[in-house]
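A.B. asks: Have a look at this one.
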Amino acid sequence: MPLTTAKPRKICILALKNSAFVFVLAILLGFVTPGCSRLTEPLITPSLMLMMAFSLTEVDLRARGALGRSMIGFFLNYGLLSGLIISLAYTLDNESLRNGFVVMAAVPPAVAILPMTRLLYGDVLLSLYAEAISYLVSPILMPAMIFAFTSRAEVSLGYLVETALLLIIVPALASRYIRRLPLDPVLPINAGFFLVTYTVIGLNIGAPWESIGPVGLIALARTFGIGMAVYVASALAGSKAGCRISYTLLGTFKNLGLAAAVALLLFGPEAAIPAAVCILTETAFYIFLYLIQFV
14 MPLTTAKPRK ICILALKNSA FVFVLAILLG FVTPGCSRLT EPLITPSLML
64 MMAFSLTEVD LRARGALGRS MIGFFLNYGL LSGLIISLAY TLDNESLRNG
114 FVVMAAVPPA VAILPMTRLL YGDVLLSLYA EAISYLVSPI LMPAMIFAFT
164 SRAEVSLGYL VETALLLIIV PALASRYIRR LPLDPVLPIN AGFFLVTYTV
214 IGLNIGAPWE SIGPVGLIAL ARTFGIGMAV YVASALAGSK AGCRISYTLL
264 GTFKNLGLAA AVALLLFGPE AAIPAAVCIL TETAFYIFLY LIQFV
């Protein structure tokens, strides 16, 4: 391949592997060319399944060990963080936005916690085991929590279980095969992330964006507020630096791609706005954690 074409191609691939770049590009295109989001809406489910399958390749669902600390991590995500999100959601008058936060509370932790733990020198095994526990129980917890805390009677428990099976169990099984293949998971993960983010932004161009203020305040509280509280509490409890990082990530990050897609499927485009806003605050919080290492 000539050097003149090899270099631009390499730059392009590096850019597409950069999750922050892909996220910003999706937001910009969502605002500038929202019309195509109607065409990409039917692709939400298959793209999310693909993204989840490649994301879960790093999670060993048979992982055992450090059960006590892993259960603390699981409780921080599905107990403390989910409880805070649901409590704050009920301060909103807008039912769609409230349901969007309930879905966010119901989904498991972000799979990106694993690479973030490595980059921040956290306890990788603790994060791995806590993730494994969370994803094993999420097909039960996710539909149960959404059914219990939303007021849409037409969304049946059976349909919620079916959605959980389709978006969690099927990709988890597929990931066991994909992890054996010599494939770089970053590109398909970012492709799915791009499509979900672009579609959510594009479909909500006509939404009442004046409600973003309260949503933004909740997003800051459930990210920076709870994240710093967990970090300080674990430090006061005498946890090692690596454990503090893992506990903080598990107590802060949710699988927002899954949350946006499920909210969109169950409650419509407006319900996906909380996930889109929280993607911003979670990204900012990760950057904050990265920077304080050098202080």
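The numbering used here puts the first residue of the sequence shown at 14, with every later residue one more than the last.
Virtual Cβ for every residue (Gly too), placed ideally from N, Cα, C.
Nothing here was measured: the structure is a model prediction, and the numbers come from that model.
1. What's the gap between the Cα of LYS23 and the Cα of LEU29?
2. Report the rounded CA-to-CA distance for ALA246 versus LYS20, giving the unit in angstroms.
3. What distance in whole Å lies between the Cβ atoms of ILE182 and PHE67, which are believed to be in contact at a cut-off of 8 Å?
4. Return the first residue and the last residue of the alpha helix (DSSP H) that GLY43 is part of.
5. Quick check on the DSSP output: what are the complete beta strand (DSSP E) runs of length 3 or more inside the region 92-117, in order along the chain?
6. Does the pairing of the region 137-151 with the region 277-289 give three or more beta-carbon distances under 8 Å?
7. Would you kindly work out how many angstroms separate the C-alpha atoms of MET64 and ILE26, rounded to a whole number?
8. Suppose the cutoff is 6 Å on Cβ atoms and the five residues either side in sequence are ignored; what does the same chain contact list for ALA177 look like?
9. Relative to the C-alpha of PHE206, which residue among VAL228, THR163, ALA250, LEU269 is closest?
10. Who pairs with PRO122 in a beta bridge, going by DSSP?
11. In terms of residues, what are the limits of the alpha helix (DSSP H) holding CYS291?
12. If we call anything under 8 Å between Cβ atoms a contact, is ALA284 one with VAL209?
13. Nearest-angstrom Cα distance between TYR299 and ALA102?
C.D. replies: Taking the structure as given:
1. C-alpha separation (whole angstroms): 10 Å.
2. Whole-angstrom Cα-Cα distance: 48 Å.
3. About 16 Å separates the beta carbon of PHE67 from that of ILE182, a gap too long to meet the 8 Å contact definition.
4. Element bounds for GLY43: 32-45.
5. The qualifying runs do not exist here; there are none.
6. With the rule of 3 Cβ pairs closer than 8 Å, the region 137-151 does not count as touching the region 277-289.
7. When the Cα atoms are used, MET64 and ILE26 turn out to be separated by approximately 18 Å.
8. Within the same chain, ALA177 has close Cβ partners PRO152, MET155, PRO156.
9. With distances taken between Cα atoms, PHE206 lies closest to LEU269.
10. DSSP, once it has assigned bridges, lists LYS267 as partnering PRO122.
11. Note, CYS291: alpha helix (DSSP H), 286-305.
12. Taking 8 Å as the Cβ cut-off, ALA284 and VAL209 do not qualify as a contacting pair.
13. Between TYR299 and ALA102, the C-alpha separation is close to 23 Å.
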